[in-house]
Amino acid sequence: MKHMTEEELIAYREGVAEQRAVISEHLAACEECGGEFERIEAVLAALDTLRVPEPGTDYGRRVWKEIAPRLAEKPGRWWQLWFEPRRLAAAGAIVALIVAAFIAGRFTKRLNPPDNIANKEQVRERILVVAVGEHLGHSERMLVELSNAAPNGPAQKEVNISAEQRRAEDLLQENRLYRQTALQEGDTGLASVLDELERVLLDVAHSPDEVTPAQLEAIQRKIEQRGILFKVRVVNKELQQRQDTREPAPAQDGSTKRERNKV
Amino acid sequence: MIRMQPSVESTQAIADSDAIAVERTLAGDRDAYRVLVERHSHNIFRLAYRMTGNRHDAEEVVQEAFLRGYQKLGQFAARSNFGTWVYRIAANYAIDRMRQRQKEEARREMPRTEDQDGMENDPLTRVKDEAPTPERLTQSVELRKQMEQALAALTESERTAFVMRHWEGCGIEEIAAVLKSSSNATKNTVFRAVQKLRHALQPLVETRAQARAMGTES
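Residue numbers (my numbering), protein chains in the order written: chain A, 1 to 263; chain B, 1001 to 1218.
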């Protein structure tokens, strides 16, 4: 008797076999293939016990709350996204930085030989460094405040962290933008720290407005265990040092990215 | 299959209602899109979680899928099913996210800790098992860990094909469209995924079954 191959049995189990009737008939008659099929079934049945966490009955509403401010008035017109107040503010800041970099470039041009003029890549990276530095500073302050938050006394049953929660929501949007930019720029070290920061911001943003002292302690423990404050400080300091040592701008050789990737 | 299959009537009713919501959104009624987001978020989250393996990335995938869906809604063909369409956007973004994640993991020097995967591992939110024996706890925790590792060891295509076929019950054509592959190649990818999972997990599953048979595990 010709036995079924593993491929045929898996295809049959997953409902993509072409000759279902033939395989079914064979399995009923062949003990060996039946046993093999049961072993495949057992592994898949074990995998089926992996649960997906329930995101909550209000999950759809929370998703809407997160994305609604980022939607244009009408869909399908990409350019409208650039006129959202938050994006306009970010664009304004970037324009201001470009102007500042241009003016700085004009001055350094007189002092330095032409081969030291910052190229486009340097300017872009400098903008990222300044913007991310500010973002990390804001994140650090919020996390420090949250880490130091405590109930006023043993009688207090709930602590209000709504201010930190709202700040975390705002920082979360910026963080995603910077993380994606860092990835595009190939700055994986920075992207990695921003990714870890994002997890913490997400937890804080999704916490209730008022938490019990035990819940607050759990959040604080999580911040501490991940060492996120330390990592944020290290990266921020490193960014500041890079910014300081770049005057006048040194020739770009990719070493800054490599150094940050070690963090 | 785990995916609950709704009746043909209710599927049609949802699709009709979705089509109306899409039309209203395109006409400028932004709140109509809210209906679509609230209706399909859970499905997309489940897919995203199974593909990415953690809540943090899954939530990002859900948000990004609806944002991209909104931006591209003008390209959405009215006769299509919005649920399937946004589901596909989510699957594509989840693949991108998994690739990014793999690159980050490869470069990250610090080892991942058990706690890094998000709220589901939070002691506050973890559901307590009823009176587990120490052996049962050890073995089930070990098995779960091994299963997560085996899933993480699959390539993005294999994991996508397995999740969409085995857990989500998607058709081969639908999976092939996401993987930008042919039907036959997609079937092969499903096979490879199951084969890898089997080889990684079968010894542990058999040990557990033997322990259960001998009564050392409840």
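Where is the CB? At the ideal position from N, CA and C, for every residue including glycine. Owing to the predicted nature of the structure, the values given are computational and were not obtained by experimental measurement.
Is valine 1190/B closer than 7 Å to alanine 1161/B when the C-beta atoms are compared? Their beta carbons are under 7 Å apart, which means alanine 1161/B touches valine 1190/B by this criterion.
Go to isoleucine 1175/B, then tell me how far its alpha helix (DSSP H) extends in each direction, as first and last residue. Counting along the chain, isoleucine 1175/B sits inside the alpha helix (DSSP H) bounded by residues 1172–1179.
Under three-state DSSP, which class holds glutamate 18/A? Coil, per DSSP.
CB contact check: glutamine 1202/B to chain A, cutoff 7 Å: For glutamine 1202/B, the nearest CB of chain A lies under 7 Å from its own CB, placing it at the interface with that chain.
Does the separation of the CB atoms of alanine 1032/B and arginine 1024/B fall below 7 Å? Closer than 7 Å, so yes.
Between glutamate 14/A and chain B, is there a C-beta pair that is closer than 7 Å? At a cut-off of 7 Å between beta carbons, glutamate 14/A contacts chain B.
Might you give, ordered along the chain, the residues of its own chain that have their beta carbon closer than 6 Å to the beta carbon of alanine 1209/B, omitting 5 neighbours on each side? Nothing meets the Cβ criterion.
Return helix, strand or coil for asparagine 280/A, following the three-state DSSP convention. Look at the range of chain A in this structure, 1 to 263, and you will see that residue 280/A is not part of it.
Histidine 1056/B - containing alpha helix (DSSP H), residue span: 1055–1071 is the span of the alpha helix (DSSP H), which, as asked, contains histidine 1056/B.
Is the separation between the beta-carbon of aspartate 210/A and that of asparagine 160/A shorter than 7 Å? It should be pointed out that residue 210/A corresponds to glutamate in this sequence rather than to aspartate. Against a cut-off of 7 Å, the Cβ pair of asparagine 160/A and glutamate 210/A comes out as a contact.
How big is the Cα-Cα spacing for leucine 1201/B and tryptophan 1167/B? Just so you know, the alpha carbons of leucine 1201/B and tryptophan 1167/B end up roughly 18 Å apart.
Express the C-alpha separation of tyrosine 59/A and valine 1086/B in angstroms, rounding to a whole number. Cα to Cα, the separation comes out at about 17 Å.
Just to make sure I have the definition right: I need the residues of chain A whose C-beta is within less than 7 Å of the C-beta of leucine 1143/B. Which are they? Ala46, listed in chain order.
I'd like the list of long-range same chain contacts for glycine 133/A, defined as Cβ closer than 8 Å, with 5 residues on each side in sequence excluded. Within the same chain, glycine 133/A has close Cβ partners Asn236, Leu239, Gln240, Gln243.
Where do the N-terminal and C-terminal ends of the alpha helix (DSSP H) with serine 1157/B fall, by residue? Unbroken alpha helix (DSSP H) run through serine 1157/B: 1156–1162.
Measure the alpha-carbon distance for isoleucine 67/A versus alanine 93/A and round it to whole angstroms. A straight line joining the alpha-carbon of isoleucine 67/A with that of alanine 93/A spans about 23 Å.
At a CB distance below 8 Å, what residues from the segment 1067–1080 of chain B approach chain A? Give them in sequence order. Answer in chain order: Leu1067, Tyr1070, Gln1071, Lys1072, Leu1073, Gly1074, Gln1075.
Out of curiosity, what's the CA-to-CA distance linking methionine 142/A and glutamate 164/A? Near 6 Å, if we compare the C-alpha coordinates of glutamate 164/A and methionine 142/A.
Between which residues of its own chain and leucine 1204/B is the CB-CB distance below 8 Å, once the five residues before and five after are set aside? Shown here for leucine 1204/B: same chain residues with a beta carbon closer than 8 Å to its own, the five before and five after excluded, namely Glu1142, Leu1143, Gln1146 in chain order.
For a contact meaning CB atoms closer than 7 Å, what does isoleucine 1172/B contact in chain A? Here the neighbours are Val16.
Tell me where the alpha helix (DSSP H) around aspartate 195/A begins and ends. Where aspartate 195/A is concerned, the enclosing alpha helix (DSSP H) stretches over 188–205.
In terms of residue numbering, what span does the alpha helix (DSSP H) encompassing serine 1219/B cover? Outside the displayed range of chain B (1001 to 1218) lies residue 1219/B, so it cannot be described from this structure.
Mapping DSSP to helix, strand and coil, what is glutamate 1105/B? The answer is helix: DSSP assigns glutamate 1105/B an H, G or I state.
With DSSP as the reference, label valine 284/A as helix, strand or coil. Since the first residue of chain A shown is 1 and the last is 263, residue 284/A is not available in this structure.
Compile a chain-ordered list of the residues in the segment 1178–1207 of chain B whose CB is closer than 7 Å to at least one CB of chain A. Of all residues in the segment 1178–1207 of chain B, Lys1187, Val1190, Phe1191, Val1194, Gln1195, Leu1197, Arg1198, Leu1201, Gln1202, Val1205 have a Cβ within less than 7 Å of some Cβ in chain A.
What residues in the segment 1040–1053 of chain B bring their beta carbon closer than 7 Å to a beta carbon of chain A? Answer set for the segment 1040–1053 of chain B: Ser1041, His1042, Phe1045, Arg1046, Tyr1049, Arg1050.
Own chain, CB closer than 7 Å to leucine 97/A, minus 5 neighbours either side, in chain order: Same-chain partners within the cutoff: Ile127, Val130.
Helix, strand or coil, according to DSSP, for asparagine 1043/B in the structure here? In this structure, asparagine 1043/B counts as helix in the three-state DSSP scheme.
Enumerate in chain order the residues of its own chain whose CB-to-CB distance from leucine 50/A is below 6 Å, with the five nearest sequence positions on each side excluded. When the five nearest sequence neighbours on each side are left out, no beta carbon in the same chain lies closer than 6 Å to the beta carbon of leucine 50/A.
Could you spell out the range, first to last residue, of the alpha helix (DSSP H) harbouring arginine 39/A? Its alpha helix (DSSP H) spans residues 31–47.
Does DSSP classify phenylalanine 230/A as helix, strand or coil? Phenylalanine 230/A falls in the helix class under three-state DSSP.
Option nearest arginine 233/A by Cα separation, candidates Ser207/A, Thr181/A, His135/A, Gln215/A: Checking every option, the nearest Cα to that of arginine 233/A belongs to His135/A.
Whether or not the segment 147–157 of chain A and the segment 175–195 of chain A are in contact is what I'm after, with contact meaning three or more pairs of Cβ atoms, one per stretch, closer than 8 Å; do they touch? With contact defined as three or more Cβ pairs closer than 8 Å, the segment 175–195 of chain A and the segment 147–157 of chain A are not in contact.
If you follow the alpha helix (DSSP H) that glutamate 8/A is part of, which residue opens it and which one closes it? Segment 6–13, the alpha helix (DSSP H) holding glutamate 8/A.
Lysine 65/A lies in the alpha helix (DSSP H); which residues open and close that run? Its alpha helix (DSSP H) spans residues 59–67.
Cβ neighbour criterion (16 or more within 10 Å) applied to glycine 1053/B: Buried, because 16 or more other Cβ atoms sit within 10 Å of the Cβ of glycine 1053/B.
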